[in-house]
Structures are given as structure tokens and as C-alpha cells.
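Since the structure comes first, as C-alpha cells, the remarks are kept for the end.
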Amino acid sequence: MLFICLETYVEIVFQDPFLIRDIKRTKLAERSYNPNFDEEFVFQLPEKTAISDITIDLVFIEKSSLQHTLTPIGTLTLSKHTDWYPVRHFWAKVEQTPNIRHKDKFLLEGNAAE
Numbered sequence: 001m002l003f004i005c006l007e008t009y010v011e012i013v014f015q016d017p018f019l020i021r022d023i024k025r026t027k028l029a030e031r032s033y034n035p036n037f038d039e040e041f042v043f044q045l046p047e048k049t050a051i052s053d054i055t056i057d058l059v060f061i062e063k064s065s066l067q068h069t070l071t072p073i074g075t076l077t078l079s080k081h082t083d084w085y086p087v088r089h090f091w092a093k094v095e096q097t098p099n100i101r102h103k104d105k106f107l108l109e110g111n112a113a114e
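For the sequence shown, the numbering used here gives the first residue as 1, with consecutive numbering after it.
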């Protein structure tokens with residue numbers, strides 16, 4: 001029996017309505033059905049850009065070690081205009097204090113403890 005090893009990573013796409021500003025990616029999570037990406041990413045907000053215009057897409061990608069192919073398995077869009085409260089709360093904090101680092105783990109754990 002041949003075991004296929006899948007590796008997973010996430011591309012973080014930082015964009016405004018007209019332009020992709022930056023793309024970063026996590027390290028590979030090898031051979032895990034429940035990968036944990038505990039990494040910090042910093043993006044520069046362009047001057048004269050409103051927080052409400054920024055979107056961050058998290059694109060989850062699997063890489064097959066046998067076929068050397070990349071397969072997108074899902075996308076999570078983080079926008080101030082979402083109905084998901086933890087994301088709206090995060091963007092409200094960013095808008096109130098734009099020059100401070102904000103760290104939330106709302107993606108998999110629900111609303112982070114305040």
C-alpha cells in the first residue's frame with residue numbers, strides 16, 4: 001500500500017479593491033490532518049487607504065509529495081464587511097488603533113478571550 005503524504009500551507013493575500021498589495025505564506029505543515037499555523041504576519045497599510053477597503057484572503061493549499069501538485073482546498077475571506085462577529089471585532093480594533101499590532105486567534109478558536 002502506498003501512502004500519499006500531503007503537506008498543507010496557507011497563502012495570506014493582503015489586498016484593497018483594486019490591487020493585491022502583498023502575498024505571504026506559512027511554513028508547510030507536514031503530514032497533519034489538523035495543521036496548526038502559529039505564525040505572525042505584518043502588512044503595511046498603504047497611505048490614504050481606509051481599513052474598510054482592505055481584505056485578507058487565507059487560501060489553504062495542499063501539496064502532494066508524489067505528484068508535486070498544488071491544490072487549493074478552501075479560502076477564508078477576512079473583510080470588515082463580514083457578518084462573522086470575531087472578524088468584525090478584529091477590524092474594529094484595527095481601525096481604532098492602526099499603529100498597534102493586533103493578534104487574534106479567531107479563525108479556529110472562535111472569539112479570542114479579551
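Just so you know, even glycine gets a beta-carbon here, dropped at the ideal spot from N, CA and C.
query, result
"What's the C-alpha gap between L108 and V10?", "Confidence is the limiting factor: at L108 the pLDDT is only 46, short of 50, which leaves the residue's position unreliable, though a coordinate-based value still follows. The alpha-carbon atoms of L108 and V10 are separated by roughly 14 Å."
"Looking at V42 and V13, is the spacing between their C-beta atoms short of 8 Å?", "no"
"So which of R101, V87, Q44, T71 has the shortest CA-CA distance to I23?", "Q44"
"Which of the three DSSP states, helix, strand or coil, is assigned to P86?", "helix"
"Count the other CB atoms within 10 Å of the CB of T8; is the residue buried (16 or more) or exposed (fewer)?", "buried"
"Please go through the same chain and pick out, in chain order, the residues whose beta-carbon is closer than 6 Å to the beta-carbon of I56, but skip the five residues on each side of it.", "F14, L78"
"Leaving out five residues before and five after T83 in sequence, what residues of the same chain have Cβ atoms less than 8 Å from its Cβ?", "The amino acid at residue 83 is misidentified as Thr; the sequence shows Asp. Once the five neighbours on either side are set aside, D83 has no close Cβ partner at all."
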